[in-house]
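Each residue of the sequence shown is one higher than the last, beginning at 44 in the numbering used here. Beta carbons are placed, not taken as given, at the ideal position from N, Cα and C, and that holds for glycine. This one's a predicted model, so the numbers in the text were calculated from it and none came from an experiment.
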Amino acid sequence: MSPTTPGATDGRRGLLERMAEGPLLCAEGYVFELERRGYLQAGGFVPEVVLDHPEVLAQLHRDFLHAGSDVVEALTYYAHREKLRAVGQQHLLEPLNRQALAIAGEVAADSGALVAGNLSNSNVFEPDDQASGRLVRQMFDEQLGWAVDAGVDYVIAETFSYAQEALIALELIKRTPLPAVITLAVHRAPRTREGWPVDQACRRLADAGADVVGLNCARGPRTMLPLLAPVTAVVDVPVAALPVPYRTHDHQPSFQSLRDPDHDRLPADRPFPTALDPFTCTRYEIADFTRTARELGVAYLGLCCGAGPHHVRAMAEALGRTPPASRYSPDMSRHAFLGADRWARPADRRFSRDY
Ligand SMILES: [Zn+2]
């Protein structure tokens, strides 16, 4: 493996080379999308779909590439030892991880996309509990080993509420030759769970060697944006922003905190995670977010839980790209009632004012 192109083992350009030329787009949100499609159970959110329906996962990877993602992220989110133990499937730990990585690699090979390995929040980490730190290291280390074996281009370690857990993931990734993209999930309070200011947490991650730092999940575009400028101001590495595509706002800044006044009899007493539909951002809001984030200097863009391919395409197009899916981007001039004179009869255009 060349030291100048970590991860790029076959002459392809690696993460850092691509980012030197412009922003990178990484589609995420696999777990939510597969849940909506009926192949993954909300609650545990363990990606057993990797083994049960590999063809469905491969198609979703292709859908996101078609929409403009530069990256195929292996679906090893929540495929760690603790999560599999919680659903009584610990024996599937290694085959599930290896298969997720293999599927990502196969899909990417057809397209030239980058392949990313993935580590995620363990939900067992406690800052003052050294035993939990040892357990997390063990969990991350085994997943990293499988990612390295699979020849991924880089590793995404994401959705950490505790910056200290992110630092553990980073330390372990730095022992491999692979670049590290580290992103934190910031909930209602604009700081990490241990109370660190977001910009300082990102600074510590950058100082510890992260190649890209930033935020993913938890917050929608409107409430993630104000946290990004302070981060770009204090780090020298590219900054990442992958919000959830939901209309969070000042009073309910995370998607977990959203409340629906029109529907208060929900399974978890809140819209999260299975009744968020009324809060979904339009593709146009995602395009606006993309342009604003670029103006702030964000260089690694994507979307997390809740994103569909139409959101990803909007993001790609806001970056000035025309992914294959742009062939089918809207052209309302052709609409039978709302379209241009050539396509809509005058009587139908008049009718459309009241319909
Ligand atoms: Zn997410």
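- When the Cα atoms are used, residue 97 and residue 146 turn out to be separated by approximately 7 Å.
- Distances from the CA of residue 317 to each of 327, 329, 326, 303 were compared; the closest alpha carbon is that of 303.
- Its chain contains 68, 69, 70, 71, 285 as the residues whose beta carbon lies nearer than 7 Å to that of residue 345, once the 5 sequence neighbours on both sides are disregarded; these appear in chain order.
- Residue 338 sits exposed, since fewer than 16 C-beta atoms from the chains shown fall within 10 Å of its C-beta.
- Every residue with a CB closer than 5 Å to a heavy atom of ligand 1 is listed here in chain order: 260, 347, 348.
- Residue pairing by DSSP places residue 219 in no beta bridge whatsoever.
- The C-beta distance from residue 144 to residue 193 rounds to 4 Å, short enough to fall under 8 Å.
- The DSSP assignment places 206 to 216, 241 to 250 as complete runs of the alpha helix (DSSP H) inside the region 182 to 255, in order along the chain (cut-off: 4 residues).
- Under DSSP, residue 323 takes part in a beta bridge, and its partners are 289.
- DSSP places residue 342 in no beta strand (DSSP E); its state is neither H nor E.
- Contact between residue 332 and residue 290 does not hold, since the beta-carbon distance rounds to 11 Å and is not under 8 Å.
- Using a Cβ-Cβ distance cut-off of 8 Å, the region 204 to 212 and the region 168 to 182 are in contact, since at least three pairs of beta carbons, one from each stretch, lie closer than that value.
- Within the same chain, 249, 253, 254, 255, 256 come within 8 Å of residue 280 by CB-CB distance, once the 5 residues on both sides are set aside.
- Closest by C-alpha distance to residue 160, out of 200, 380, 131, is 200.
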